[in-house]
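Participant: Under the numbering used here, residue 1001 is the last one in the sequence shown; the count climbs by one each step, no gaps.
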Amino acid sequence: MFAPAARLASKRLLEIRQIFRQTPQFYLSPLLHCPKLREFLTHIDSLDNNPDIQWEFSDANKERVRDPQSLNV
929 MFAPAARLAS KRLLEIRQIF RQTPQFYLSP LLHCPKLREF LTHIDSLDNN PDIQWEFSDA
989 NKERVRDPQS LNV
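And the structure:
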């Protein structure tokens, strides 16, 4: 009598486990296919970076930031 219920519960738990296992891939997959965004997100500060150099957005870059479509690959 309990065998079918146990099988069903086991099947449901396996499905839930698979959903949680796939969740990080679902959220990261758009990032993995966008080289510009991936490059931006994976920047790591290193000894080669010089924090004393003054840096500001140029007017052209400010326009690109206002229009997110221009950042598409």
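The C-beta atom is built at its ideal place from N, Cα and C for all residues, glycine as well. These numbers come from a predicted model, not from an experiment.
Can you tell me where the alpha helix (DSSP H) holding E991 begins and where it ends?
Facilitator: D987 to R994
Participant: If you reduce the DSSP assignment to three classes, tell me which class E943 lands in.
Facilitator: helix
Participant: Rounding to the nearest angstrom, what Cα-Cα distance links P932 and D995 in this structure?
Facilitator: 57 angstroms
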